[in-house]
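**Student:**
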Amino acid sequence: MTARPTAQRLLRLSSRPMSTHTTAASAPAEAAAANPAHNQIMKLPDGRTLGFAEYGDPRGLKTLLYFHGYPSSRVEAKALHRLAAVHSIRVLALDRPGYGLSTPQPRRQLLDWPRDVAAFADRQGLDRFAVLGASGGGPFAVVLANRCPGLLAAATAAALRVVRWLVGTRFVEQRLDAWLELATRQARDKEARRLERDPGARPSLVVGTAEEDGRRVAERRVALLDLLVGEPFAQGPDGAVQEARILTDDDWGFRLEEVGVPIKIWHGAKDTNAPIEAIRYLADRLPRAELHEFAEDTHYTMGDHVEEAVLDLMGENNGEEKV
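For this note's numbering, add 44 to where a residue sits in the sequence shown, where the first one is 1.
1. So, is Lys87 buried or exposed, given that buried needs 16 or more other C-beta atoms within 10 angstroms?
2. Identify, in the order they occur along the chain, each residue of the same chain with its Cβ nearer than 6 Å to the Cβ of Glu120, setting aside the five sequence neighbours on each side.
3. Taking only the alpha-carbon atoms, compute the straight-line gap between Asp356 and Pro243 and give it to the nearest angstrom.
4. Run the CB neighbour count on Arg126, radius 10 Å, all protein chains shown included, and call it buried at 16 or more, exposed below.
5. One question on the structure: do Arg191 and Pro158 come within less than 8 Å of each other, judged by their Cβ atoms?
6. DSSP three-state call for Thr107: helix, strand or coil?
7. With distances taken Cα to Cα, identify the nearest neighbour of Gly368 among Gly95, Leu105 and Asp90.
8. Which class does Trp310 belong to by DSSP, given the choice of helix, strand or coil?
9. Determine the closest residue to Gly95 out of Asp101, Tyr110, Ala288 and Arg103, with distance taken between C-alpha atoms.
10. Would you be able to state if there are at least three C-beta pairs under 8 Å between the stretch 132-147 and the stretch 280-289?
11. On the three-state DSSP scale, how would you describe His343?
12. Check this for me: beta carbons of Gly297 and Leu155, under 8 Å apart or not?
13. What residue from Gly304, Glu98, Leu326 and His343 has the CA that sits closest to Leu335's CA?
14. For Val350, I'd like the list of residues in its chain whose CB is within less than 8 Å of its CB, leaving aside the five on either flank, ordered along the chain.
15. Return the first residue and the last residue of the beta strand (DSSP E) that Val135 is part of.
16. Rounded C-beta distance between Lys314 and Glu340? I'm assuming under 8 Å.
17. Taking all protein chains shown into account, decide if Leu220 is buried (16 or more other Cβ within 10 angstroms of its Cβ) or exposed.
18. Mapping DSSP to helix, strand and coil, what is Thr200?
19. Distance, Cα to Cα, Asp294 vs Ala288?
20. Within 10 angstroms of the Cβ of Val285, are there 16 or more other Cβ atoms? Answer buried if so, exposed if not.
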């Protein structure tokens, strides 16, 4: 039985540089770091550096800006790469100040983010784009919709102020363990189907005993921390500490009722991290919010609806651009 890491252990892991040790589990993290398209920077007007990654189709007909969760980084958007490439969508994922490749911004406020995005869009020659704010990135999508509505073709967000309930919890550890549990279960199911089709086949070495699975989960957890937590904390914890303050502030500098851009919210009704009642409350206050509820989904199973959400956001499901 593998012991679960403590919050202190997670903090120590998250505050160290990404590992350079190569293992099968850590290969995806190193591959992400090695791809120049995933490690780009630009200078902002005030001299700070903005880090970003490009996924999907670099010559895509439509552009999607991806705002990562809390705490995370641009590499989170790698999950959209294949989907975006197939549908000719260019995905640009930005590191917020203090995360990944983006330099910190002293005394940062939520309302500062639209200026960075506007400068980025100008440098990239983007006239219109859609925005996807994942979990803790939701408030940053909403504030952009409030401050730069002319730039947006569409926007989607989730969690919003509910992020305050995640700060200071074991959310990162819970998310990692949920992903790992799902991956292990899927591997076992796939192996069972393979052996059922071919009873004479040799069992895969990938699926082992419970004890072996426990060791493997621990190794994969560290590798995932390298990718999902190591990169965000590459410059230390200050960016996350600062953002926790921003997200839990009672005053974001604007009222949700002021946001005139259409906002799509996708949420699982069984999400215990962000209760659906709170999401409904928020949707009621965003004048043009469109809430998509999934009755049987949790925070961890909403990934099954990513393709549907992205294609709807980009106007692919009905052939029309969402304005």
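Virtual Cβ for every residue (Gly too), placed ideally from N, Cα, C. Remember, it's a predicted structure, so these values are computed and weren't measured experimentally.
**Tutor:** So, from the data block:
1. Translated into positions along the sequence shown, residue 87 becomes position 43. Exposed.
2. Here residue 120 corresponds to residue number 76 of the sequence shown, with the count starting at 1. Excluding residues up to 5 positions away in sequence, His112 lie with their Cβ nearer than 6 Å to the Cβ of Glu120 in the same chain.
3. Here residue 356 is taken as the residue at index 312 of the sequence shown, counted from 1. Here residue 243 is taken as the residue at index 199 of the sequence shown, counted from 1. Taking the straight line from one Cα to the other gives about 42 Å.
4. For the purposes of this step, residue 126 is taken as residue 82 along the sequence shown, with counting starting at 1. Classification for Arg126: exposed.
5. Taking the first residue of the sequence shown as 1, we reach residue 191 at position 147. Taking the first residue of the sequence shown as 1, we reach residue 158 at position 114. Yes, they are a contact pair.
6. Translated into positions along the sequence shown, residue 107 becomes position 63. DSSP places Thr107 in strand when its eight states are reduced to three.
7. Because the chain is modelled from 45 through 367, residue 368 falls outside the range shown and cannot be assessed.
8. Translated into the one-based positions of the sequence shown, residue 310 becomes position 266. Trp310: strand per DSSP, three-state reduction.
9. Walking along the sequence shown from the start, residue 95 turns up at place 51. Here the closest residue by C-alpha is Tyr110.
10. Of all C-beta pairs linking the stretch 280-289 to the stretch 132-147, three or more are shorter than 8 Å, placing the two stretches in contact.
11. Sequence index remark: in the sequence shown, residue 343 carries index 299 (1-based). DSSP places His343 in coil when its eight states are reduced to three.
12. Here residue 297 corresponds to residue number 253 of the sequence shown, with the count starting at 1. Here residue 155 corresponds to residue number 111 of the sequence shown, with the count starting at 1. Taking 8 Å as the Cβ cut-off, Gly297 and Leu155 qualify as a contacting pair.
13. For this step, residue 335 is matched to residue 291 along the sequence shown. Nearest option by C-alpha distance: Leu326.
14. Translated into positions along the sequence shown, residue 350 becomes position 306. Cβ within range, chain order: Ala123, Leu124 and Leu127.
15. In the sequence shown, the residue the question calls residue 135 occupies position 91. Counting along the chain, the beta strand (DSSP E) containing Val135 begins and ends at Ile133 to Leu138.
16. Taking the first residue of the sequence shown as position 1, residue 314 is located at position 270. Taking the first residue of the sequence shown as position 1, residue 340 is located at position 296. Right, their Cβ atoms sit about 7 Å apart.
17. By one-based count along the sequence shown, residue 220 stands at place 176. Residue confidence for Leu220 is low, a pLDDT of 48 falling below 50, so the modelled location carries little weight and cannot support an answer.
18. By 1-based counting over the sequence shown, the position of residue 200 is 156. Three-state result, Thr200: strand.
19. As a first step, residue 294 must be located in the sequence shown, where it is residue number 250. As a first step, residue 288 must be located in the sequence shown, where it is residue number 244. So the two alpha carbons sit approximately 12 Å from each other.
20. Taking the sequence shown and counting its residues from 1, one reaches residue 285 at position 241. Exposed is the call here.
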